Amino acid sequence: MSNIIWKIKSFEEITTSELYEIIKARVDVFVVEQDCPYPDLDGYDQQAVHIWAEQDQDVLAYCRIFNKEIKYPETSIGRVLTTEKARGKSLGKQLIQYAVETIENRFHTSEVRISAQDYLLRFYSGFGFEDTGKKYLEDNIPHTEMFRK
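Residues in the sequence shown are numbered consecutively from 10, following the working numbering.
Take a look at the structure:
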């Protein structure tokens with residue numbers, strides 16, 4: 010996949026077109042593909058740093074990160090996705106690597122808490138995340154809270 014551009018922006022820095030593509034990717038993956046009718050626009054985007062890969066204006070991989078005391082006492086990563094056409098190209102690994110590096114650089118901590126879909130536990134453990142044992146259903150999908158020290 011050539012011409013992939015990685016972007017890291019605050020909410021205020023995101024253009025209207027970029028915001029549209031980000032929301033479209035989130036709805037396509039979480040609402041349509043995973044069949045979860047949930048309020049994606051949860052009022053937290055304005056406090057997040059947004060990280061994504063795009064190609065020809067299409068969002069291929071995305072997540073948002075938060076400083077301490079917004080979602081959890083620690084920093085956190087959420088809304089992690091890779092779009093259908095971009096899967097199997099290691100963009101998810103690059104995305105989490107960028108997210109962790111951005112948290113370390115901007116928020117000066119390596120402590121990160123996430124809410125991971127259970128089928129991704131091994132994936133996240135590769136980045137130093139550990140299962141906290143806190144398991145729950147979110148939108149009928151098994152999740153586990155994970156923590157990275």
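Positions of the beta carbon are idealized from the N, C-alpha and C atoms, including for glycine. Computed from a prediction, not measured in an experiment: that's the story for all the values here.
CB contact flag (residue 45, residue 148, <8 angstroms):
Taking the sequence shown and counting its residues from 1, one reaches residue 45 at position 36. Taking the sequence shown and counting its residues from 1, one reaches residue 148 at position 139. A contact, by the Cβ cut-off of 8 angstroms.
Quick check: the Cα distance between residue 23 and residue 39, rounded to an integer number of angstroms?
For the purposes of this step, residue 23 is taken as the residue at position 14 of the sequence shown. For the purposes of this step, residue 39 is taken as the residue at position 30 of the sequence shown. If I take the Cα positions, the gap works out to 21 angstroms.
If you reduce the DSSP assignment to three classes, tell me which class residue 130 lands in.
Working through the sequence shown from its first residue, we reach residue 130 at position 121. The answer is helix: DSSP assigns residue 130 an H, G or I state.
Quick one: Cα of residue 52 to Cα of residue 81, how far?
Residue mapping note: residue 52 aligns to position 43 of the sequence shown, counting from 1. Residue mapping note: residue 81 aligns to position 72 of the sequence shown, counting from 1. In a straight line, the C-alpha of residue 52 is about 15 angstroms away from that of residue 81.
Pick from 73, 93, 77: whose alpha carbon is nearest that of residue 107?
Along the sequence shown, read from residue 1 onward, the residue named residue 107 stands at position 98. When each option's Cα is compared against that of residue 107, the closest is 73.
May I ask you to report which of helix, strand or coil DSSP gives residue 101?
Along the sequence shown, one-based indexing puts residue 101 at 92. Three-state result, residue 101: helix.
Which class does residue 30 belong to by DSSP, given the choice of helix, strand or coil?
Within the sequence shown, the letter at position 21 stands for residue 30. Three-state result, residue 30: helix.
With contact counted as at least three CB pairs below 8 angstroms, one residue from each stretch, are the region 28–37 and the region 129–147 in contact?
no
If you follow the beta strand (DSSP E) that residue 19 is in, where does it begin and where does it stop?
The sequence position of residue 19 within the sequence shown is 10, counting from 1. That run of the beta strand (DSSP E) goes 14–19.
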